[in-house]
Structure formats: C-alpha cells, structure tokens
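Top line first, the protein sequences correspond to chains A and B. Residues in the first sequence are numbered from 1 upward in steps of one, following UniProt numbering. Residues in the second sequence are numbered from 1 upward in steps of one, following UniProt numbering. Cβ atoms here follow ideal geometry from the backbone N, Cα and C, with glycine treated the same way.
Number of protein chains: 2
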Amino acid sequence: MSTADRLIESTQDLLWERGYVGTSPKAIQQRAGAGQGSMYHHFSGKPDLALAAIRRTAEQMRATAEACFSASGTAYDRIRAYLLREREVLRGCPIGRLTMDPDIIADPELREPVTETLDWLRARLAQIVAEGVERGEFDAGLDPERTAASVVATIQGGYVVARAAGSTAPFDAAVQGLLDLLATRAPRRPAP
Amino acid sequence: MSTADRLIESTQDLLWERGYVGTSPKAIQQRAGAGQGSMYHHFSGKPDLALAAIRRTAEQMRATAEACFSASGTAYDRIRAYLLREREVLRGCPIGRLTMDPDIIADPELREPVTETLDWLRARLAQIVAEGVERGEFDAGLDPERTAASVVATIQGGYVVARAAGSTAPFDAAVQGLLDLLATRAPRRPAP
DNA sequence: GTCTATATTCGGATAGAC
DNA sequence: GTCTATCCGAATATAGAC
Numbered sequence: 001m002s003t004a005d006r007l008i009e010s011t012q013d014l015l016w017e018r019g020y021v022g023t024s025p026k027a028i029q030q031r032a033g034a035g036q037g038s039m040y041h042h043f044s045g046k047p048d049l050a051l052a053a054i055r056r057t058a059e060q061m062r063a064t065a066e067a068c069f070s071a072s073g074t075a076y077d078r079i080r081a082y083l084l085r086e087r088e089v090l091r092g093c094p095i096g097r098l099t100m101d102p103d104i105i106a107d108p109e110l111r112e113p114v115t116e117t118l119d120w121l122r123a124r125l126a127q128i129v130a131e132g133v134e135r136g137e138f139d140a141g142l143d144p145e146r147t148a149a150s151v152v153a154t155i156q157g158g159y160v161v162a163r164a165a166g167s168t169a170p171f172d173a174a175v176q177g178l179l180d181l182l183a184t185r186a187p188r189r190p191a192p
Numbered sequence: 001m002s003t004a005d006r007l008i009e010s011t012q013d014l015l016w017e018r019g020y021v022g023t024s025p026k027a028i029q030q031r032a033g034a035g036q037g038s039m040y041h042h043f044s045g046k047p048d049l050a051l052a053a054i055r056r057t058a059e060q061m062r063a064t065a066e067a068c069f070s071a072s073g074t075a076y077d078r079i080r081a082y083l084l085r086e087r088e089v090l091r092g093c094p095i096g097r098l099t100m101d102p103d104i105i106a107d108p109e110l111r112e113p114v115t116e117t118l119d120w121l122r123a124r125l126a127q128i129v130a131e132g133v134e135r136g137e138f139d140a141g142l143d144p145e146r147t148a149a150s151v152v153a154t155i156q157g158g159y160v161v162a163r164a165a166g167s168t169a170p171f172d173a174a175v176q177g178l179l180d181l182l183a184t185r186a187p188r189r190p191a192p
C-alpha cells in the first residue's frame, strides 16, 4: 500500500476514534509510519487529508449499506437485514460522529460527504419502503419518508446510547423495538 | 451570579457547542469574563470544571424530561409530548454528544453522569410504556424496554441526521415516523 | 479571590537538504 | 518522495504578587 493510502487509512481510523478536533497531524503520521515531510508532500494539510479520508469512509459505508438493500426478499426483510447487519456498535458510526464535530460542520467542503451520505441513506430506505407499500408488503398507511428517517435515526441514536452505556444492549433493544413496530405493519402477503 | 457559576455555565455552553476536546480553559475564561487565576482558584483544572458543568446539564435535562413524563394523559400522550417538546434540534443533545468525546468516555468520573442520564431516561420511558400496557392504553404485545430504547435512540439519532442535513426536517420526520408506528399500538380505550 | 508572569508541551505548518 | 530543522501560537497549567 502506498504512503498516501496509509495516511488516508490512518486518518480514517483516527477520525472515527477521536473526531476531527481530536486528531493531530502528528498522530496520523505516527500511525501511518510516515514522516512530516511525507504527509505534507501528499496532502496540503490536515483538512485536505481529512477530506480524502471522509470521502473514502463515506464510499465504503454506502457500499456496505447497498449490499443489504439490494439483497433479495421483501422490503421488510431488507430493512431488517440492514438493521441487524454486523456492526462495531461501540465504535459508533464513522460518518454520524462527524456531525458533532464543529470544525467539520462549519466547513462546507468537509461537511458535504457527511450530508450527502446520510441523505442518500434516508432516500434509499424511503425508496425501499415505498416499493414495499406498492407491493402490499407494508400497510398502505406507512409513510416512506418518515419511516426511513426513523430507521436511520434509530441506528444513529443506537450508537449514542450504546456508547453511553458501554454496552451494545441498548443498541440492540432500540433496533428490536423498531423491528417489532415495523413487523406489525408488514402483513403476511396472501399467496398469488 | 458568582464567578464560579459563570464559569460553569460557560463550560456548559462550550461543551455543548464544541465538545470536551474542543473546549479550552482560555475559551471558558473569556466567555465567563474571568481570568486564569480565578478559574484555577475555583476549580482544579479543566476536568474538574467539566465535571461540574456536565452534572449541572444532566440535572437540567432530567428535570425537563420529567416535566413531560409526569404530565397528565395516557402513556402514549406523555411519550408524544416528550418527543414533540420544543428542542434546539440543530444544537444536538448536550449529553448525547459527549458520548462521541473520547476523553469523556475514557474517564469514568466524567462519563458517569452521561451513562446515568441516558440510563435513567430509558428506564423512565420503559416504566411509562409498562404502565400504558397495564392500563390497556398500549397493546399487550408492546415490549417496554425495547420501545423505550427506540424512543431514546430516535431522539438522539434525530439530532445526528438533522445536524448532517443542516435542517430540523429529518429530526421531525424520524419522530413522526416513530409516533405513527406507536399510534398503531395504542388502541382507543373503550369507555368504561 | 483575582491578576500577571512564566513554563512546558502540543498543534499545525514551512524550508530546505538528501 | 522522504527526512530533519525550525517556527509560532495555543493548550494547560504553576507561582507568586496584590
């Protein structure tokens, strides 16, 4: 792997763990096994490197989610698969956490991939719910946009309560609570 | 207001806005209109002051929530009131955001009020759901713990998606989505 | 109780040699 | 491309005068 790649990967890790404000160029260099000069040769500075790292993380997150969304099964099944997919719950969401970083939110360029990713996620879920309603897999009364927003919020908030508790239990409970509620709105489809 | 109080209040604001890592003693002093010596006279350092601030914020948050919980109405009504209560959505949750602060999570003393507050919130909501089920205000099948976890996660995650979007809309949608789902499980109670 | 001076380390970067 | 030297201001305090 190239030095630039190692720098980006180290930055991804540190942003996930400590956020933007809590991540120093020196820490990045040490984790990547690269010197100062090397870092400033490949990137113009901390914001530039952070941007590359955030973009890469966003891309990976979309790919992981899309794998669940495009699987086979009913709308409910696919949403369920997404909610229950394996996660490193106690590390939190590498994109969602950036939302609490004032320097990220204040900088339009750094913020853009964060906004973009969570917007995409909601829209994609809304699309799946809408499909489900159309096919009779969900009750007609279920609002796609609202439901999608609830799914994303449950995940993001699940990370928060899990980290507060120091345990994945509250995350799992929140997800199960939502699935219980959603299941009620997913009638067994009558055989054709 | 005393100097110590102004220092605590300034710290509350800054922790909310910038987190622990992003908040410097100097910034606190300036906002409070106090000098270095003054701050170090009243508090042993940044962690000590932060602890006082976090405890105060936690106390205020519990009081605000309890006002909704102890109001009159059915269990659904009270949960609804809590979900819809006025919030400064784009500022996020002053307690929940600390969850992403590595230095807070790593320090048991600083972390304790955060854990405590969110644990209390979930337990209190579970109690309300359980009451509702008992009184027939909610379906018998509704799991109190899971449902409570979903409510807290929806709020916490709602803040995340709202900050990402730069708009309160996703927060409101997530809350409405959850309320839609919950309403289905709250049958109109037959007149006695 | 509050102020000013001083100290140490870190954050974030530039310059120039190799 | 990578390394070392150097720079300047901020972060987080301590010491001692008033």
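How long is the line joining the alpha carbons of residue i and residue j, rounded to whole angstroms?
| i | j | result |
| --- | --- | --- |
| residue 174 (chain B) | residue 106 (chain A) | 24 Å |
| residue 169 (chain B) | residue 145 (chain A) | 11 Å |
| residue 17 (chain A) | residue 48 (chain B) | 24 Å |
| residue 97 (chain B) | residue 187 (chain B) | 36 Å |
| residue 190 (chain A) | residue 140 (chain A) | Any reading at residue 190 (chain A) needs caution, since the residue's pLDDT is 49, under 50, leaving its predicted position unreliable; the model's value is listed next. Their backbone Cα atoms lie some 15 Å apart in a straight line. |
| residue 81 (chain B) | residue 182 (chain A) | 22 Å |
| residue 125 (chain B) | residue 65 (chain B) | 10 Å |
| residue 100 (chain A) | residue 165 (chain B) | 12 Å |
| residue 2 (chain A) | residue 56 (chain A) | 15 Å |
| residue 109 (chain A) | residue 163 (chain B) | 15 Å |
| residue 138 (chain A) | residue 61 (chain B) | 37 Å |
| residue 122 (chain B) | residue 44 (chain A) | 46 Å |
| residue 111 (chain A) | residue 134 (chain B) | 46 Å |
| residue 142 (chain B) | residue 177 (chain B) | 17 Å |
| residue 136 (chain A) | residue 85 (chain A) | 25 Å |
| residue 119 (chain B) | residue 52 (chain B) | 19 Å |
| residue 184 (chain B) | residue 79 (chain A) | 20 Å |
| residue 8 (chain A) | residue 32 (chain A) | 8 Å |
| residue 46 (chain A) | residue 116 (chain A) | 21 Å |
| residue 63 (chain B) | residue 77 (chain B) | 18 Å |
| residue 179 (chain A) | residue 27 (chain B) | 45 Å |
| residue 147 (chain B) | residue 67 (chain A) | 28 Å |
First and last residue of the alpha helix (DSSP H) that includes residue i?
| i | result |
| --- | --- |
| residue 95 (chain B) | That residue, residue 95 (chain B), is in no alpha helix (DSSP H); it is neither H nor E in DSSP. |
| residue 87 (chain A) | Run containing residue 87 (chain A): none; DSSP gives neither H nor E here. |
| residue 144 (chain A) | 144-165 |
| residue 168 (chain B) | Element bounds for residue 168 (chain B): n/a, residue is neither H nor E. |
| residue 58 (chain B) | 46-69 |
| residue 40 (chain B) | 36-42 |
| residue 10 (chain B) | 3-18 |
| residue 126 (chain B) | 108-134 |
| residue 185 (chain A) | Careful: residue 185 (chain A) lies outside any alpha helix (DSSP H) and carries neither H nor E. |
Since residue i meets chain A, which of its residues come closer than 7 Å, beta carbon to beta carbon?
| i | result |
| --- | --- |
| residue 180 (chain B) | 143, 146 |
| residue 92 (chain B) | 100 |
| residue 105 (chain B) | 163 |
Out of the options, point me to the one whose CA is closest to residue i's CA.
| i | options | result |
| --- | --- | --- |
| residue 23 (chain A) | B:165, B:102, B:17 | B:102 |
| residue 212 (chain A) | A:136, A:129, A:133, A:135 | The shown model of chain A, from 1 to 192, leaves out residue 212 (chain A), and the question about it has no answer. |
| residue 29 (chain B) | B:6, B:21, B:51 | B:6 |
| residue 69 (chain A) | A:104, A:132, A:46 | A:132 |
| residue 35 (chain A) | A:87, A:4, A:54, A:177 | A:4 |
| residue 87 (chain B) | B:185, B:167, B:184, B:180 | B:167 |
| residue 90 (chain B) | B:172, B:77, B:20 | B:172 |
| residue 50 (chain A) | A:67, A:20, A:114, A:77 | A:20 |
| residue 113 (chain B) | B:179, B:25, B:59, B:26 | B:59 |
| residue 104 (chain A) | A:54, A:180, A:26 | A:54 |
Output, in chain order, the set of chain A residues within a Cβ distance shorter than 9 Å of residue i.
| i | result |
| --- | --- |
| residue 118 (chain B) | 160, 161, 164, 165, 170 |
How would you list, in chain order, the residues of chain B whose beta-carbon sits under 9 Å from the beta-carbon of residue i?
| i | result |
| --- | --- |
| residue 184 (chain A) | 139, 141, 181, 184, 185 |
| residue 3 (chain A) | Chain B residues near residue 3 (chain A): none, gap ~26 Å exceeds 9 Å. |
| residue 136 (chain A) | Neighbours of residue 136 (chain A) on chain B: none; closest Cβ ~17 Å, over 9 Å. |
Below 8 Å on C-beta distance, what does residue i contact in chain B?
| i | result |
| --- | --- |
| residue 102 (chain A) | 17, 18, 19, 22 |
Which chain B residues sit within Cβ distance under 7 Å of residue i?
| i | result |
| --- | --- |
| residue 97 (chain A) | 100 |
| residue 155 (chain A) | 157 |
| residue 176 (chain A) | 146 |
Is the segment 143-153 of chain A touching the segment 151-162 of chain B in the sense that three or more CB pairs, one from each, lie closer than 8 Å? Short answer: they touch.
Does the segment 70-83 of chain A come into contact with the segment 30-43 of chain A, if we say contact requires no fewer than three beta-carbon pairs (one atom in each stretch) closer than 8 Å? no
Across the segment 4-16 of chain B and the segment 88-97 of chain B, are there enough close Cβ pairs to call them in contact, namely three or more that are closer than 8 Å? yes
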